[in-house]
Amino acid sequence: ENIIFNGEIIERSKVNIDIEDRGYQFGDGVYEVIRVYNGKLFTKEEHINRLYESAEKISIQIPYEKLELIQTLEELVQVNQLDTGIIYLQLTRGSFPRQHGFPKSDVPPVYVAYTREMPIPKVSMDEGVKGLLIEDIRWLRCDIKSLNLLGNILAKQKAAESGCFETIQHRGEEVTEGSSSNVFIVKDNCLITRPVSNLILNGITRQVIIKLCQENGISFKEEIFTIDDLLEADEVFISSTTSEVMPIIQVNEKVISTGKPGKITRKLQQLFQQKIGM
Ligand code: PMP
5 ENIIFNGEII
15 ERSKVNIDIE
25 DRGYQFGDGV
35 YEVIRVYNGK
45 LFTKEEHINR
55 LYESAEKISI
65 QIPYEKLELI
75 QTLEELVQVN
85 QLDTGIIYLQ
95 LTRGSFPRQH
105 GFPKSDVPPV
115 YVAYTREMPI
125 PKVSMDEGVK
135 GLLIEDIRWL
145 RCDIKSLNLL
155 GNILAKQKAA
165 ESGCFETIQH
175 RGEEVTEGSS
185 SNVFIVKDNC
195 LITRPVSNLI
205 LNGITRQVII
215 KLCQENGISF
225 KEEIFTIDDL
235 LEADEVFISS
245 TTSEVMPIIQ
255 VNEKVISTGK
265 PGKITRKLQQ
275 LFQQKIGM
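According to the working numbering, numbering within the sequence shown proceeds without interruption in unit steps and concludes at 282.
Have a look at this one:
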């Protein structure tokens, strides 16, 4: 199996990560997950742009050109003969004797990327899944796609233990986002999602969905909504790179509307499939 290590494609078993890598010690780095459909990277520019933005927000300088990065990722997909799956990539602040403050500026970031086969979750997308409400205990820079994911993984684990697919996090009464997804509701034929701020990640799938609404005359607004709005919604779905448009048919004990994926959710799933050419 081939992977990318500091810009070069090499055999996975040849990679050594230092025990004082700041990603390993502090979660001091940023990452992206890019979908691969039929051997092609979906929304690659958007993901790479977000990677650079996340890095910039925590003052990591990426020592590669965007185009160079994309070309190597495409080469990796080819050599690994990946058809449908994902690319995971991450950059850490590099390796340096442990101290909280940043290392000297000449320490190079450590960059790795690898591929994994992952089918489209067709059954869940067709039937819908359950969500679990949980207080959002994360920090105040959730706009950064950082390796620090403790809040997110603790939330996801709670969902798994409750037989749910995803947690829907809230700060007080306001819904923020899933542990690894954005949240949408439909009320009176209007799609609603929370506006971007420091409290959520601006999902690439979220952005694709907004564009699909604009192109297809689906009424849409970015507005903060509450737990009550969510439970009383006509439709609920979450969005992410791996889950696309995933219907939520129950939240905690409350069945959403008829308990089936809704009309607009279905429409967006179809439009999304068209967009990715599947
Ligand atoms: N929010 C969080 C916290 C996430 O981890 C993710 C998945 N990366 C998303 C939203 C959805 O983002 P995207 O559509 O870019 O995968």
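Glycine included, every Cβ here is placed at the ideal spot set by N, Cα and C.
Relative to the non-hydrogen atoms of the ligand PMP, the Cβ of V37 comes within a distance shorter than 7 Å of at least one. Residue range 48–61 is occupied by the alpha helix (DSSP H) that includes H51. Taking all protein chains in view, the Cβ of L93 is crowded by 16 or more other Cβ atoms within 10 Å, so the residue is classified as buried. Excluding the 5 residues flanking it on each side, T47 has same chain C-beta neighbours closer than 6 Å at I208, in chain order.
Secondary structure remark: continuous beta strand (DSSP E) runs of at least 3 residues inside the region 85–152, in chain order: 89–96, 114–121, 133–139. At least one heavy atom of the ligand PMP lies less than 7 Å from the C-beta of E181. Nearest neighbour of I64 by Cα position, chosen from G155, D32, V240, turns out to be D32. When secondary structure is reduced to three states using DSSP, I64 falls in the coil class, being assigned neither helix nor strand. Using a cutoff of 7 Å, the CB of G207 counts as near the ligand PMP, since one of the ligand's heavy atoms is closer than that. Counting C-beta pairs with one atom in each stretch, the region 159–171 and the region 209–222 have fewer than three that are closer than 8 Å, which means they do not touch. Bounds of the alpha helix (DSSP H) holding G27 are 26–30. In the structure shown, E257 adopts coil according to DSSP, grouped into three states.
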